[in-house]
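> I have a structure I would like to understand better, so I am pasting it below and will then ask my questions one at a time.
Residue numbers (our numbering), protein chains in the order written: chain A, 1 to 206; chain B, 207 to 403.
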């Protein structure tokens, strides 16, 4: 037999052994940079503070608010019901389960926009869906929701509607005095929860 | 830069026909220059006097396989983006039998018949013509064959996944099988009377 063929066959088998031994390489579902750039230019990831206030008041269960600041800042003040995922621990496996989910949309926020945007960018790059950013962060939240500025007398009626909403929201979130709010809080009804009887008693035997 | 280049958008999809043309010309050139345009070469596999076709195509397959797997390991190719032909078991078996019969009767496969036709071989021209007649008849009578055509769908499955082993292990097994087949083929070639053509 030709020596050349023996060598080549041996080489192929060696390469095959290499393939069998090497661990397989996994590719995460990262999205294409061109697509990512398109999403960065697109502004639809932003949710306004008014929208978020409305959703929190309505107890919309389809949103999860993620505070990407430090735990100390989170403990001093945050949005009601927000989850704390510091930016430095964003890619911990426990947090990824939280961020990459199909049930809830994720809304990032920080003091300003920057940290939240970083978190959003990383998560979008990993291919996670339904990721949003609260526009302006908590600073803007304070400005608009907690201490809403009174619109000028010459402002359009829409501004006054927004102001009325913000004043009500401010009261809801425990901000500045609500003053003469036109929003009347509906009397809270106490819902009686009847404990359900355990229908199937502990089955014994085999 | 990471492959596959066209699905990734590194090269525009409008270039896929151009790259196909260039690769096709290269393929045809190699086929012709290795003597595959002779119908006796292909028929030789069945009669046992010439196994070059088996060796060339099997080597090409395992070389491409090994290259692709190493490229994937090194991060040069994203394996998940490579197009995998969907498998239809029934039509694969029926088509394989028909194609095998056609090989042994005509002495050409579709590619080599065009090669032969290009260098002016009349049998290759007739073979290509027959192929087009077959395509026409099949297309016209497609409703009759539809059940066979879509029979036994398995989706875009890979052999290693069906067998439940890793890509690398399957590659090693295939290489060993290939080398074994080459050795057996060489032994058979030595035993069978040589045919001059």
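Idealized CB from N, CA, C, for every residue including glycine. Source: prediction; values computed, not measured.
Any beta-carbon of chain A closer than 8 Å to the one on residue 364/B?
no
> Would you say residue 347/B and residue 334/B are within 8 Å of each other, going by their C-beta atoms?
no
> Once the 5 residues before and after residue 321/B are set aside, which same chain residues still bring their CB inside 7 Å of it?
Once the five neighbours on either side are set aside, the close Cβ partners of residue 321/B are 234, 237, 238, 242 and 243.
> Going by DSSP, which residues form a beta bridge with residue 47/A?
According to DSSP, residue 47/A bridges with 134/A.
> Do residue 366/B and residue 351/B have their C-beta atoms closer together than 8 Å?
no
> What residues from chain A crowd round residue 385/B, counting only those whose CB sits closer than 8 Å?
Under the 8 Å cutoff, chain A gives 9, 12 and 13.
> When the Cα atoms are used, what is the spatial distance from residue 340/B to residue 264/B?
27 Å
> What does DSSP give as the partner residue(s) for residue 209/B in the beta ladder?
283/B
> Rounded to whole angstroms, what is the Cα-Cα separation between residue 395/B and residue 93/A?
59 Å
> Return the bridge partner residues of residue 63/A from the DSSP annotation.
105/A
> If we call anything under 8 Å between Cβ atoms a contact, is residue 279/B one with residue 22/A?
yes
> Return the residue from the list 130/A, 102/A, 90/A and 104/A that minimises the CA-CA distance to residue 115/A.
90/A
> Which value, in whole angstroms, describes the spacing of the CA atoms of residue 51/A and residue 135/A?
10 Å
> Looking at the secondary structure, which residues open and close the alpha helix (DSSP H) in which residue 360/B lies?
Counting along the chain, residue 360/B falls outside any alpha helix (DSSP H), though it belongs to the beta strand (DSSP E) covering 359 to 361.
> Applying a beta-carbon distance threshold of less than 7 Å, which residues of chain B neighbour residue 34/A?
215
> With distances taken Cα to Cα, identify the nearest neighbour of residue 77/A among 3/A, 165/A and 142/A.
142/A
> What's the gap between the Cα of residue 378/B and the Cα of residue 8/A?
15 Å
> Report the residue from 148/A, 152/A, 153/A and 156/A whose alpha carbon sits nearest the alpha carbon of residue 173/A.
Of the listed residues, the one whose Cα sits closest to residue 173/A is 148/A.
> On the criterion of 16 or more Cβ atoms from any shown chain inside 10 Å, does residue 158/A qualify as buried, or is it exposed?
With fewer than 16 Cβ atoms within 10 Å of its Cβ, residue 158/A is classed as exposed.
> State yes or no: is the C-beta of residue 69/A within less than 8 Å of the C-beta of residue 63/A?
no
> Using 8 Å as the Cβ pair cut-off and three pairs as the minimum, do the stretch 34 to 50 of chain A and the stretch 382 to 399 of chain B touch?
no
> Going straight from the alpha carbon of residue 208/A to that of residue 12/A, what length do you get?
Any property of residue 208/A remains undetermined from this structure, which presents chain A solely from 1 to 206.
> Closest Cβ-Cβ distance between residue 17/A and chain B: below 8 Å?
It does: the Cβ of residue 17/A has a partner Cβ on chain B nearer than 8 Å.
> Which whole-angstrom value describes the C-beta separation of residue 245/B and residue 313/B, a residue pair presumed to lie in contact below a C-beta threshold of 8 Å?
Rounded, the Cβ-Cβ distance is 3 Å, consistent with contact.
> Run down chain B in chain order and give the residues with a C-beta less than 8 Å from the C-beta of residue 37/A.
Here the premise fails: no neighbours, minimum Cβ distance about 12 Å.
> Using only the alpha-carbon positions, how far apart do residue 357/B and residue 306/B sit?
In this structure, the alpha-carbon of residue 357/B lies about 20 Å from that of residue 306/B.
> Is residue 260/B near the ligand ADP - that is, is its Cβ less than 7 Å away from at least one heavy atom of it?
This structure lacks the ligand ADP; in fact it carries no ligand of any kind.
> Please determine, among 276/B, 229/B, 282/B and 388/B, the residue with the shortest C-alpha to C-alpha distance to residue 216/B.
Distance check between residue 216/B and each of 276/B, 229/B, 282/B and 388/B places 282/B closest, using alpha-carbon atoms only.
> Quick one: list the residues of chain A neighbouring residue 303/B, beta-carbon separation under 8 Å, in chain order.
Per Cβ cutoff of 8 Å: no residues; residue 303/B is ~30 Å from chain A at best.
> Measure the C-alpha to C-alpha separation of residue 47/A and residue 105/A and round it to an integer number of angstroms.
Cα to Cα, residue 47/A sits roughly 12 Å from residue 105/A.
> Can you pull the chain A residues whose beta carbon is under 7 Å from the beta carbon of residue 381/B, in chain order?
12, 13 and 16
> Would you kindly report the start and end of the unbroken alpha helix (DSSP H) that includes residue 220/B?
Taken as a continuous stretch (DSSP letters only), residue 220/B belongs to no alpha helix (DSSP H), as it is neither H nor E.
> Which residue from 300/B, 275/B, 362/B and 308/B puts its Cα closest to that of residue 373/B?
275/B
> Would a check of beta-carbon distances place residue 119/A closer than 8 Å to chain B?
no
> From this set, 327/B, 209/B, 370/B and 258/B, which residue's C-alpha is nearest residue 277/B's C-alpha?
Restricting attention to 327/B, 209/B, 370/B and 258/B, the CA atom closest to the CA of residue 277/B is found in 209/B.
> Starting from residue 115/A, trace the alpha helix (DSSP H) in both directions and tell me its first and last residue.
For residue 115/A, the enclosing alpha helix (DSSP H) starts and ends at 114 to 125.
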